[in-house]
Amino acid sequence: MTTEQQLPEGWEKTTLGEIATYVNGRAFKPIEWSKTGTPIVRIQNLNNPNAEYNYYDGYIEEKYHIENGDLLFAWSASLGAYIWKGKSAFLNQHIFKVLPKENVDKTFIYYLLDKVTSELYAKAHGSGMVHVTKGKFEATSVNIPPLETQQAIVNKIESLFDEIDEGIGRLKTAAQQIQQYRQSLLKNAFNGELTKEWRSKHADTLPSENELLAQIQTAREQHHAQQLADWQTAVSQWEQNGKEGKKPSKPSSLSSVNILSKDSELPENWLLTEAESICDFITKGTTPPKNELFMKSGEVPFLKVYNLTKNGKLDFTIEPTFVSKETHNNFLNRSKVYPNDILMNIVGPPLGKVSLVPDDYPEWNINQAIVIYRSIFVHSKFLANYLLAEKTIKLMSSQAKTTAGQHNLTLEICRNLPIPVCSLAEQTQIVAILESKLTACDQLAAELAKQLKQAELLKQAVLKAAFSGNLLDK
Numbered sequence: 029m030t031t032e033q034q035l036p037e038g039w040e041k042t043t044l045g046e047i048a049t050y051v052n053g054r055a056f057k058p059i060e061w062s063k064t065g066t067p068i069v070r071i072q073n074l075n076n077p078n079a080e081y082n083y084y085d086g087y088i089e090e091k092y093h094i095e096n097g098d099l100l101f102a103w104s105a106s107l108g109a110y111i112w113k114g115k116s117a118f119l120n121q122h123i124f125k126v127l128p129k130e131n132v133d134k135t136f137i138y139y140l141l142d143k144v145t146s147e148l149y150a151k152a153h154g155s156g157m158v159h160v161t162k163g164k165f166e167a168t169s170v171n172i173p174p175l176e177t178q179q180a181i182v183n184k185i186e187s188l189f190d191e192i193d194e195g196i197g198r199l200k201t202a203a204q205q206i207q208q209y210r211q212s213l214l215k216n217a218f219n220g221e222l223t224k225e226w227r228s229k230h231a232d233t234l235p236s237e238n239e240l241l242a243q244i245q246t247a248r249e250q251h252h253a254q255q256l257a258d259w260q261t262a263v264s265q266w267e268q269n270g271k272e273g274k275k276p277s278k279p280s281s282l283s284s285v286n287i288l289s290k291d292s293e294l295p296e297n298w299l300l301t302e303a304e305s306i307c308d309f310i311t312k313g314t315t316p317p318k319n320e321l322f323m324k325s326g327e328v329p330f331l332k333v334y335n336l337t338k339n340g341k342l343d344f345t346i347e348p349t350f351v352s353k354e355t356h357n358n359f360l361n362r363s364k365v366y367p368n369d370i371l372m373n374i375v376g377p378p379l380g381k382v383s384l385v386p387d388d389y390p391e392w393n394i395n396q397a398i399v400i401y402r403s404i405f406v407h408s409k410f411l412a413n414y415l416l417a418e419k420t421i422k423l424m425s426s427q428a429k430t431t432a433g434q435h436n437l438t439l440e441i442c443r444n445l446p447i448p449v450c451s452l453a454e455q456t457q458i459v460a461i462l463e464s465k466l467t468a469c470d471q472l473a474a475e476l477a478k479q480l481k482q483a484e485l486l487k488q489a490v491l492k493a494a495f496s497g498n499l500l501d502k
């Protein structure tokens, strides 16, 4: 049996419906939208100050008008209290205009609704989409003190929040600096600056551009010879099985290495070539029927874009999906993925998610929004880090096809991507330096993210103390 919380003197237990009136916005129809007139405030305009507005050029009831300083509450899908900081506007449905009743401070309700929002999200077990009915919302139990105490609590909350926000600002600045340092490392890794001193010490042992080209061609020839041998084995097996199914396709003939004109910043003994010259056949995946996808467990892991990251790691903890071996070996045979393959998303935004496949499973598969880079000559981590570099992402983004806000990279763009190539020894050195320094960056970034989360939790602790009557005592 639980004991009801003892409230301080003067406080009373009430409901949200008793302390304010909640006016839902108007259900504007798309046909009523205009390019001119009064802006219509929708939930996306509250969540994102840069979101575009729709407009209404006509008369509507006064209750749907909002002015600078009005208190609003989004109650469908994305919950949250907002103080409107803009010009006169019309309010769309799924947002309440909150009108405090007598002896109720508007800013006090704002912070009270912030606390209620956190509790509603917590009850939804972390889901980003929550919906409340007006009846249940207004029946939500809350504690409220006299007006003078409300104002004192608001002053205390804002004083503490100012201190917390100052700390959050410093943490965010530090996180941005880490990202800038990370990109600076990647830039210097692929223009030769990172290993400039190392090259000067090993100048006598480094291959010339022509020797490097010969090494690439030899690696390609060896890879092609292995493909032919594997194909001949597969054909023999197919014949022994009575020629059941489709005959294995013969590998394409070997093309020459396409050397590009390099810019002046690349070192003398580096080459610039296309991705398809140093990789196996570059292709993308596909998606089997829904009844062939299995959640949480199965035989072969099936990857989607949300499993890729911006730091080169694969995250298979997010909605792990599997396919059967039969689906993997037949319907998805073309897009088999192996440890050390490099995966990159080709549908965004955002573009630039890249992951090196780990050896947790011997084989994987992918959907149609992911491309496979399987290196023949360059170190896999060298290529993965190059794909994560800001310069590379900007280059590919500039070539992407944009449709309805979606950015798409074609396989042609992926195959023709210019790749700087140095000797295998220098690649190994670059990978070692990056691994050491980027690991330190990742650790610092994780610690900052942890501290940011703690700062947000501290805000919730302040609100909890405020609305249980304990904040002014601290």
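Numbering (my numbering), first residue to last: 29 to 502. No residue lacks a Cβ here, since even glycine has one placed at the ideal position from N, Cα and C.
Going by DSSP, name the residue or residues bridged to leucine 299. Here residue 299 is taken as the residue at index 271 of the sequence shown, counted from 1. Val449, per the DSSP bridge assignment.
Which class does asparagine 393 belong to by DSSP, given the choice of helix, strand or coil? On the sequence shown, residue 393 is found 365 positions in, with the first residue counted as 1. In the three-state reduction of the DSSP assignment, asparagine 393 falls in the strand class.
Just to confirm before moving on: does the CB-CB distance between isoleucine 461 and alanine 412 stay below 7 Å? Residue 461 sits at position 433 when you count from the first residue of the sequence shown. Residue 412 sits at position 384 when you count from the first residue of the sequence shown. No.
Out of Lys224, Ile181, Leu282, Phe118, which one is the CA nearest neighbour of threonine 246? For the purposes of this step, residue 246 is identified with residue 218 of the sequence shown, where counting begins at 1. Nearest to threonine 246 by C-alpha distance, out of Lys224, Ile181, Leu282, Phe118, is Leu282.
With a threshold of 6 Å on Cβ separation, who are the neighbours of proline 128 within its own chain once the five nearest residues in sequence on each side are excluded? Along the sequence shown, one-based indexing puts residue 128 at 100. Closer than 6 Å at Cβ, skipping near neighbours: Ala48, Lys134, Ile137.
Tryptophan 39 to alanine 417, Cα distance in whole Å? Counted from its first residue, the sequence shown places residue 39 at position 11. Counted from its first residue, the sequence shown places residue 417 at position 389. Roughly 57 Å separates the two Cα atoms.
At a Cβ threshold of 7 Å, is valine 182 touching chain D? Protein chains in the displayed structure number just one, and chain D is not present.
By alpha-carbon positions, which one of Glu221, Tyr401, Ser284 ends up nearest to isoleucine 458? By one-based count along the sequence shown, residue 458 stands at place 430. Checked all of Glu221, Tyr401, Ser284; the closest Cα to isoleucine 458 is Glu221.
Just the Cα atoms here: how many angstroms apart are leucine 175 and tyrosine 81? Walking along the sequence shown from the start, residue 175 turns up at place 147. Walking along the sequence shown from the start, residue 81 turns up at place 53. Linking leucine 175 to tyrosine 81 through their CA atoms gives a straight-line distance of about 37 Å.
Which listed residue (Ile185, Gly380, Asn357, Ser425) has its alpha carbon closest to that of asparagine 393: As a working mapping, residue 393 is identified with position 365 in the sequence shown. Comparing Cα positions, the closest option is Asn357.
Among Arg362, Ala428, Gln121, Pro348, whose alpha-carbon lies nearest the alpha-carbon of serine 106? Residue mapping note: residue 106 aligns to position 78 of the sequence shown, counting from 1. Among Arg362, Ala428, Gln121, Pro348, the Cα nearest to that of serine 106 belongs to Gln121.
Beta-carbon contacts of histidine 153 that lie in its chain and below 7 Å, excluding the five residues immediately before and after: Stepping through the sequence shown from its first residue, residue 153 is reached at position 125. Residue placement at histidine 153 is poorly supported in this model, since its pLDDT is 48, which falls under 50; the coordinates still yield a value, given next. If we look at histidine 153 and ignore the five residues flanking it on each side, it has no Cβ neighbours.
Three or more C-beta pairs closer than 8 Å, one from the region 477-491 and one from the region 315-328: is that the case here? By the C-beta criterion, the region 477-491 is judged not to be in contact with the region 315-328, since fewer than 3 inter-stretch pairs fall below 8 Å.
Identity of the residue in Asn361, Leu148, Asn76, Arg227 nearest lysine 113 by Cα: The residue labelled residue 113 in the question sits at position 85 within the sequence shown. Put simply, of Asn361, Leu148, Asn76, Arg227 the residue whose alpha carbon is nearest the alpha carbon of lysine 113 is Asn76.
Between isoleucine 68 and phenylalanine 56, is the Cβ-Cβ spacing less than 7 Å? As a working mapping, residue 68 is identified with position 40 in the sequence shown. As a working mapping, residue 56 is identified with position 28 in the sequence shown. Cβ distance < 7 Å, so isoleucine 68 and phenylalanine 56 count as in contact.
Cα-Cα, which of Glu147, Ile400, Val182 is closest to serine 169? Reading the sequence shown from its first residue, position 141 is the one you call residue 169. Minimum Cα-Cα distance from serine 169 among the listed residues Glu147, Ile400, Val182 corresponds to Glu147.
Roughly how many whole angstroms lie between the Cα atoms of glycine 380 and glutamate 225? As a working note, residue 380 is residue 352 in the sequence shown. As a working note, residue 225 is residue 197 in the sequence shown. If you take the alpha carbons of glycine 380 and glutamate 225, they lie about 30 Å apart.
For a test of the three-state rule: what should DSSP assign to asparagine 339, helix, strand or coil? One-based indexing of the sequence shown puts residue 339 at position 311. It is coil, neither helix nor strand.
For threonine 223, which residues from the same chain have a beta carbon less than 7 Å from its beta carbon, with the 5 sequence-adjacent residues on both sides left out? Numbered from its first residue, the sequence shown carries residue 223 at position 195. Beyond the five residues adjoining it in sequence on each side, threonine 223 comes within less than 7 Å, by CB distance, of Glu454, Gln457, Ile458 in the same chain, given in chain order.
Quick check on this structure: which residue in Phe189, Gly433, Lys229, Ala474 has the alpha carbon closest to the alpha carbon of alanine 489? Translated into positions along the sequence shown, residue 489 becomes position 461. Looking at the Cα atoms, Phe189 is the closest of the given residues.
Those runs of the beta strand (DSSP E) which lie wholly inside the region 366-420 and span at least 3 residues: If we require 3 residues or more, the beta strand (DSSP E) runs fully inside the region 366-420 come out as 370-373, 382-384, 392-394, 398-401.
On the CB-based measure, 16 or more other CB atoms within 10 Å of its CB, does asparagine 395 come out buried or exposed? As a position in the sequence shown, residue 395 is number 367, starting the count at 1. Burial call: buried.
Which residues mark the beginning and the end of the beta strand (DSSP E) in which lysine 125 is found? Position 97 of the sequence shown, counting from 1, holds the residue named residue 125. Here the beta strand (DSSP E) through lysine 125 covers 123-128.
Does DSSP put threonine 177 in a helix, a strand or coil? What you label residue 177 is simply residue 149 of the sequence shown in a count that begins at 1. In the structure shown, threonine 177 sits in a helix (DSSP, three-state: H, G or I).
Ordered list of alpha helix (DSSP H) runs contained in the region 70-141, each at least 4 residues: Within the region 70-141, the complete alpha helix (DSSP H) runs of at least 4 residues are 71-75.
Phenylalanine 350, enclosing beta strand (DSSP E) - first and last residue: Against the sequence shown, residue 350 aligns to sequence position 322. Start and end: 349-351.
Go ahead and pull the three-state DSSP assignment for glycine 154. For this step, residue 154 is matched to residue 126 along the sequence shown. Residue placement at glycine 154 cannot be trusted, given a pLDDT of 48 that sits under 50; what the coordinates show is reported in the next sentence. Annotated three-state conformation of glycine 154 is coil, per DSSP.
Nearest by alpha-carbon distance to proline 5: which of Asp85, Leu35, Gly326 is it? Residue numbering for the chain in the displayed model covers 29 to 502; residue 5 lies beyond these limits and cannot be assessed.
Using DSSP's beta-bridge definition, name the partner residues of isoleucine 185. By 1-based counting over the sequence shown, the position of residue 185 is 157. According to DSSP, isoleucine 185 bridges with nothing at all.
Which word fits glycine 163, buried or exposed, when buried means at least 16 other C-beta atoms lie within 10 angstroms of its C-beta? Against the sequence shown, residue 163 aligns to sequence position 135. Classification of glycine 163: exposed, given that the 10 Å Cβ count is below 16.
Residue span of the alpha helix (DSSP H) that contains histidine 435, given as start and end: Here residue 435 refers to the residue found at position 407 when the sequence shown is read from its first residue. DSSP places histidine 435 outside any alpha helix (DSSP H); the residue lies instead in the beta strand (DSSP E), whose first and last residues are 434-436.
Which of helix, strand or coil does DSSP assign to proline 36? On the sequence shown, position 8 is the one that residue 36 refers to. Residue state, collapsed to three classes: coil.
I'd like the list of long-range same chain contacts for alanine 262, defined as Cβ closer than 8 Å, with 5 residues on each side in sequence excluded. Start at 1 with the first residue of the sequence shown, and residue 262 comes out as number 234. For alanine 262, same chain residues with a beta-carbon under 8 Å away, outside a window of 5 residues either side, are Pro276 in chain order.
If you scan the region 178-242 from start to end, which runs of the alpha helix (DSSP H) of 4 or more residues do you find wholly inside it? Annotation: the region 178-242 contains the following complete segments of the alpha helix (DSSP H) (minimum length 4 residues), in chain order: 224-229.
Name the one or two DSSP bridge partners that asparagine 357 has. Looking up residue 357 in the sequence shown gives position 329. Asparagine 357 is not bridged to any residue.
If lysine 143 and lysine 492 are in contact, beta carbons under 8 Å, what's the gap, nearest whole angstrom? Within the sequence shown, numbered from 1, the residue matching residue 143 stands at position 115. Within the sequence shown, numbered from 1, the residue matching residue 492 stands at position 464. In this structure, lysine 143 and lysine 492 form a Cβ contact; the two beta carbons are roughly 7 Å apart against a cut-off of 8 Å.
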